[in-house]
Structure formats: structure tokens, C-alpha cells
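2 protein chains.
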Amino acid sequence: KFVLDYFKVDEPEHITELPRGAEIILLDHNEEKQSIDNIKDLDIVEIIDHHKIKLETDKPISIYIKPLGSSCSIIAEKYFETQTDLPQDIAGLLLAGIVSDTLFFRSPTTTETDKQLVEKLKKISEIDDVEKFSLEMFNAKSDLGDITAEELIKLDYKVFEFGGNEYGIGVMETTNVDFGLNKKEELIEKMKEIKEKDGLKGLFFVIVDILNEKSYTLCSGQEEKELFGKLFSARDDDGVLFADKLVSRKKQIVPAFEEYFKKQK
Amino acid sequence: KFVLDYFKVDEPEHITELPRGAEIILLDHNEEKQSIDNIKDLDIVEIIDHHKIKLETDKPISIYIKPLGSSCSIIAEKYFETQTDLPQDIAGLLLAGIVSDTLFFRSPTTTETDKQLVEKLKKISEIDDVEKFSLEMFNAKSDLGDITAEELIKLDYKVFEFGGNEYGIGVMETTNVDFGLNKKEELIEKMKEIKEKDGLKGLFFVIVDILNEKSYTLCSGQEEKELFGKLFSARDDDGVLFADKLVSRKKQIVPAFEEYFKKQK
Numbered sequence: 041k042f043v044l045d046y047f048k049v050d051e052p053e054h055i056t057e058l059p060r061g062a063e064i065i066l067l068d069h070n071e072e073k074q075s076i077d078n079i080k081d082l083d084i085v086e087i088i089d090h091h092k093i094k095l096e097t098d099k100p101i102s103i104y105i106k107p108l109g110s111s112c113s114i115i116a117e118k119y120f121e122t123q124t125d126l127p128q129d130i131a132g133l134l135l136a137g138i139v140s141d142t143l144f145f146r147s148p149t150t151t152e153t154d155k156q157l158v159e160k161l162k163k164i165s166e167i168d169d170v171e172k173f174s175l176e177m178f179n180a181k182s183d184l185g186d187i188t189a190e191e192l193i194k195l196d197y198k199v200f201e202f203g204g205n206e207y208g209i210g211v212m213e214t215t216n217v218d219f220g221l222n223k224k225e226e227l228i229e230k231m232k233e234i235k236e237k238d239g240l241k242g243l244f245f246v247i248v249d250i251l252n253e254k255s256y257t258l259c260s261g262q263e264e265k266e267l268f269g270k271l272f273s274a275r276d277d278d279g280v281l282f283a284d285k286l287v288s289r290k291k292q293i294v295p296a297f298e299e300y301f302k303k304q305k
Numbered sequence: 041k042f043v044l045d046y047f048k049v050d051e052p053e054h055i056t057e058l059p060r061g062a063e064i065i066l067l068d069h070n071e072e073k074q075s076i077d078n079i080k081d082l083d084i085v086e087i088i089d090h091h092k093i094k095l096e097t098d099k100p101i102s103i104y105i106k107p108l109g110s111s112c113s114i115i116a117e118k119y120f121e122t123q124t125d126l127p128q129d130i131a132g133l134l135l136a137g138i139v140s141d142t143l144f145f146r147s148p149t150t151t152e153t154d155k156q157l158v159e160k161l162k163k164i165s166e167i168d169d170v171e172k173f174s175l176e177m178f179n180a181k182s183d184l185g186d187i188t189a190e191e192l193i194k195l196d197y198k199v200f201e202f203g204g205n206e207y208g209i210g211v212m213e214t215t216n217v218d219f220g221l222n223k224k225e226e227l228i229e230k231m232k233e234i235k236e237k238d239g240l241k242g243l244f245f246v247i248v249d250i251l252n253e254k255s256y257t258l259c260s261g262q263e264e265k266e267l268f269g270k271l272f273s274a275r276d277d278d279g280v281l282f283a284d285k286l287v288s289r290k291k292q293i294v295p296a297f298e299e300y301f302k303k304q305k
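Heads up: the sequence lines are chains A and B, in that order. In terms of the numbering used here, the first sequence opens at residue 41 and continues consecutively. In terms of the numbering used here, the second sequence opens at residue 41 and continues consecutively.
Below is the structure:
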């Protein structure tokens, strides 16, 4: 919202369903579980993403995946490669996306390409001080007002299958970890509810302190807590699992889970 | 071989294994079964392809897939997009690849992009008469000398999983169908052997008459023959299944099998 206001761009509509047979492009994800509700009725014609892939299509489609820090990097690169004119506001949105996804280059998902693209986008978008801009953006992101516990958990939430069971992992990237930690009891209650309702084996809510590259994780139960603590050498501090340098779901958390469950087989 | 000689390019080495952990790019395929023997020990860093996808990676990698008629089209497009200098011989090899994969635009896999790219490649490769060139190429391809039955079946051969069972489908694209049909008994014997040895549910060998857009299919057994006949309304002519306009494994044969087995569930 801060970024949209900054560049005076209208907020896009949030869509949860589309008419049967509609042609869609999956952006920034490729697994069905992470997509629009009625994806099985739709016709996927293209995928643009930077995540690992788990996918089967029934016909050849366009797929463009690169292991960059952000899907915005892929789009920006495509603009430059094809020498398509890039308007100032779009350049700004892409820059904001890269800075946000890479936690302003602090995330281990960051690549040299991301940094070079931000340099190029900086000129076009006329953002003189990217550091100041990103700090303002992260602060705005941390100012979540009267959001409910469930909204907070689901803000950036994905379901994964590990060892035959489903686990939900929500992430809150913030400059103000206390906003989440102060709601600890309420959040854990809600997480237990979601776990029950969605038939999950477990639920994790990772509060990432962007500026200091640390994280504080809440768990939906004792078993999950022990697992997470073991996997990430996280210290249990009054029900919160503290881990230094653990900030990326994609590059750190999910791969560690997968490796662990692979060994269990 | 005809094309390599034409442009005086050395024949590449055929590799069936690579050292553990070697980094590889999969080109023109994405399923493990269709790749190098010890693929499970290798590190796939990129995939460039034009087939439908069936794939799971354990980390984000570069994937570039477009539903064009040939992987050579994707590579040529990339050259033009990034304005990289394209040497005459490479342009010729890419043109030959597109013409070969699309059966000189006769295959239903052909797209407008393939035709446009061939126009561009034609100038760079200095092939004045593409039709004459492609006819010579197809004739050379049909001149298979003293190839064994097994080599012929495996020349362009892939294994697919349909309805929980594995099926092998070999394709011979030729201007001289008699070369294959004259070896009918020997080929069917060998197909039965391969079916047994590889634990397949069935094996099909499709002899495609490129110039007239017809095909003649041999089957490894009676059950397979009935299935193929039903799926493609193919006429049984003395043990050979004749089908008009059936020329593409990717666009016609495999999708029909998949649809059939999906309905059986």
C-alpha cells in the first residue's frame, strides 16, 4: 500500500475465483495448493516464477523460471532484454518488489542480478535513496493497524507437503517484531484452530526481524516446536523459538524440512 | 549427419553417464526417464524445452519452456532477443532443427514463430532454398543403411507412464516408409523383446511418412494393437496400423493416451 501510494497506482482487486476455462498466467508460484481456489477448472497458459518447481502439465506451455531473488527481477530483466519501454511507476513497483523479497539484499535468496537490476530500475523510477525508500517501505509493512490474528498469520502463508503430511508456514517480515510477539497467545490459539480446521500436521508462524536478520517462530503444538527447534537449532524462549540468521522460507526453512523428511524415509 | 556435413561441423559425442554431482542443462526434455542414465546423481541447473512438463526440483533453477515447434526455435529466439551474434553454421543447425522437428511445417506442433524464425535463420545461414534443403535432409534421414532393428526402434524413443503402466513409443520420421515396413517382422520381434526386458505394458513404433502426413504403426502385442486402433481410428492392414494425418507423438499420440487413461480412472 505504501508503494502503491508512493507511485499513485490503484490497488489491484483480490480475486479468489475465475470463470471455468479462463486462461491464466501463474506469477510467483507454480504449485496448485498455493494458487487461486478453482485452479483445476482453469487453463494455465504460462508460468513466471523464481521458486523450485512441482508441476505437471497436460500440454506444452510457456514456463519462465529463474533462481533470482524476486519474480520482479525476472520481469525487469525481460523488459531490459526485449528493450521494451519501462514507465517510471512500473520501474518503481518492480524495484519495490525486489527490495521487499530480498529484504533489501539481506536475504540469502539475493543474487548479483537482483542488485544490478535495482541499480538500473533506480534511475528509471527516480528513487534517489533506495535505502531510505526501503526502510520506509518496511516500516509501513510493519504498521499493520488492527489486523486480526488470522489475517496476520495468512498475510504471507503457504501450505507445503513434507513426509506425506501438510504443514502451513506463515511469515511476517517486519522492522517491529513486538507487533507480532505482543499477540503471541492470541496467534498460537488461532494457529491451533487453523491446524485443526485445515487438517494440517502443523503450523509455523515465523516473525522475521528484517533489519537485524533474526527470526522468532511460533508453533501450533509441542511436537512441531521440538521439530523446528531441532532443525534450526532454535532456542525456546518462553514459547518463542529464536533463530539467528534464519530469514528465508524458500531458501532456508522449506529445504531444511524437505531434507529432514527425506532422511526419515 | 547430413546437416553436420553440410555445415562442416564435427559430430558431438554421445554421452550416457557423467561424474556424480556434475552440473547439467536438460535440453529438449524434462522428464528423468528420458534423460541421461545416472541423472539422479547429477545437479540439474537449467532446463530448456518445448514439451509439457512433469517435474519436481529441490531448489529453484532456471527453466525456460515455450510451446514452440522445436527447442531450436527457443534457442534461436533467445539469440535474436539478446542480439547475440549468430554464426552462419549455428544458424544453419538451428534452422535444420526447426525444419526437422516440425516436418518442414507439416506437423501440428508448428507455430507462426517457428516459420518467422526460419525466415530469419535462412538469411544468416545462407540456405537459399529451404524446401530443397529440407527434402535432402529428410532423404538423408531416411537412408539408414545397415542399422539394426533395435537401433531403429530406439532412434527416437521415449518411455511414458499412462494409467500407472509404462509404454515405450518410438518414432521414425521418413520419406521412405518402406525402409521400416520391409523389416516389419524383425521389428515386432525386437519390440516384444524390449517390452519383456524393460517391463513395459506395451511398445509402439510409429513410422511417419513426412511428405504425405500419414503414419504406419507397429505394436508389441494384440492388446496394444486394439488400444492404438481404437484411439486413433487406425486401420489394421496386415499387422500395420495405418492412420491419416497422425504424425506427432507430442501433440497427438501422447495426449490421446493420457486422455483415454484419465477417463478410465
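From the three backbone atoms N, C-alpha and C, an ideal C-beta is built for every residue, glycine too.
Please classify residue i as buried or exposed, where buried requires at least 16 other C-beta atoms within 10 Å of its C-beta.
{"i": "A/T122", "result": "exposed"}
{"i": "B/T257", "result": "buried"}
{"i": "B/Q304", "result": "exposed"}
{"i": "B/G220", "result": "buried"}
{"i": "A/E213", "result": "buried"}
{"i": "B/P107", "result": "buried"}
{"i": "B/I167", "result": "buried"}
{"i": "B/D50", "result": "exposed"}
{"i": "A/V248", "result": "buried"}
{"i": "B/D89", "result": "buried"}
{"i": "A/D9", "result": "Chain A is shown only over 41 to 305; residue 9 of chain A falls outside these bounds and no answer can be derived."}
{"i": "A/K41", "result": "exposed"}
{"i": "A/A274", "result": "buried"}
{"i": "A/I187", "result": "exposed"}
{"i": "B/G137", "result": "buried"}
{"i": "A/G132", "result": "buried"}
{"i": "A/E264", "result": "buried"}
{"i": "A/I250", "result": "buried"}
{"i": "A/N222", "result": "exposed"}
{"i": "B/E55", "result": "Note that residue 55 of chain B is Ile in the sequence shown here, rather than Glu. Looking at its Cβ environment, which holds fewer than 16 other Cβ atoms inside 10 Å, B/I55 is exposed."}
{"i": "B/A189", "result": "buried"}
Since residue i and residue j are thought to touch, with beta carbons under 8 Å apart, how far apart are those beta carbons, to the nearest angstrom?
{"i": "B/I64", "j": "B/L44", "result": "No, B/I64 and B/L44 are not in contact; Cβ-Cβ is about 22 Å, not under 8 Å."}
{"i": "A/F47", "j": "A/D169", "result": "16 Å between Cβ atoms; not a contact."}
{"i": "B/P59", "j": "A/K99", "result": "Not really, about 35 Å apart at Cβ, beyond 8 Å."}
{"i": "A/K235", "j": "A/L227", "result": "No, A/K235 and A/L227 are not in contact; Cβ-Cβ is about 12 Å, not under 8 Å."}
{"i": "A/F200", "j": "A/I209", "result": "6 Å"}
{"i": "A/F301", "j": "A/F145", "result": "Wrong, their Cβ atoms sit about 31 Å apart, outside the cutoff."}
{"i": "A/K160", "j": "A/F120", "result": "7 Å"}
{"i": "A/K232", "j": "A/G261", "result": "7 Å"}
{"i": "A/E96", "j": "B/I93", "result": "7 Å"}
Excluding sequence positions up to five away, which residues of its chain have a Cβ less than 7 Å from the Cβ of residue i?
{"i": "A/H91", "result": "H69, N70 and K290"}
{"i": "A/A116", "result": "L134, L157 and L161"}
{"i": "A/E253", "result": "R146, K285 and V287"}
{"i": "A/K241", "result": "N205, E206 and Y207"}
Could you check if residue i belongs to the surroundings of the ligand NAD, using beta carbon to heavy atom distance under 6 Å?
{"i": "A/P52", "result": "The ligand NAD is not part of this structure, which contains no ligands at all."}
To which residues of the same chain is residue i closer than 6 Å at the C-beta, ignoring the five residues directly before and after it?
{"i": "B/T309", "result": "Because chain B in this structure spans residues 41 to 305, residue 309 of chain B falls outside the shown range and cannot be described."}
{"i": "B/L286", "result": "S255, F272 and Q292"}
{"i": "A/V139", "result": "S174"}
{"i": "A/A283", "result": "S255, F272 and A274"}
Below 8 Å CB to CB, which residues in the same chain sit around residue i once its five sequence neighbours on both sides are set aside?
{"i": "A/K80", "result": "E72"}
{"i": "B/F102", "result": "Per the sequence presented here, residue 102 of chain B reads as Ser, with Phe not at that position. Taken in chain order, the residues that qualify are V85, E86 and I87."}
{"i": "A/N78", "result": "E57, L58 and R60"}
{"i": "A/K155", "result": "F145"}
Just curious, the beta strand (DSSP E) that residue i is in, first and last residue?
{"i": "B/V294", "result": "First-last for B/V294: V294 to Q304, but that is the alpha helix (DSSP H), not the beta strand (DSSP E)."}
{"i": "B/K198", "result": "Y197 to F202"}
{"i": "A/I193", "result": "No beta strand (DSSP E) contains A/I193, which is instead part of the alpha helix (DSSP H) from A189 to K194."}
{"i": "A/F282", "result": "V280 to D284"}
{"i": "A/E72", "result": "Looking at the DSSP string, A/E72 is not in any beta strand (DSSP E), and its letter there is neither H nor E."}
{"i": "B/K224", "result": "Element bounds for B/K224: not the beta strand (DSSP E) but the alpha helix (DSSP H), K224 to K237."}
{"i": "A/F245", "result": "G242 to D249"}
{"i": "B/L95", "result": "K94 to E96"}
{"i": "B/S102", "result": "S102 to I105"}
Taking the alpha helix (DSSP H) that residue i falls in, what are its first and last residues?
{"i": "B/I88", "result": "Unbroken run through B/I88 is the beta strand (DSSP E), D83 to D89; no alpha helix (DSSP H)."}
{"i": "A/T215", "result": "First-last for A/T215: undefined, no H or E at that position."}
{"i": "B/L134", "result": "Q128 to D141"}
{"i": "B/D154", "result": "E152 to S165"}
{"i": "A/G261", "result": "Element bounds for A/G261: n/a, residue is neither H nor E."}
{"i": "A/K48", "result": "Careful: A/K48 lies outside any alpha helix (DSSP H) and carries neither H nor E."}
{"i": "B/F178", "result": "V170 to S182"}
{"i": "B/F120", "result": "S111 to E121"}
Members of the segment 90-108 of chain A near chain B, C-beta cut-off 8 Å | H90, H91, K92, I93, K94, L95, E96, T97, D98, K99, P100, I101, S102, I103, Y104, I105, K106 and P107
Can you list, in chain order, the residues of the segment 288-299 of chain B whose Cβ is nearer than 8 Å to any Cβ on chain A?
-> K290, P295 and E298
Positions along the segment 117-142 of chain B whose CB lies within less than 8 Å of some CB in chain A | E121 and T122
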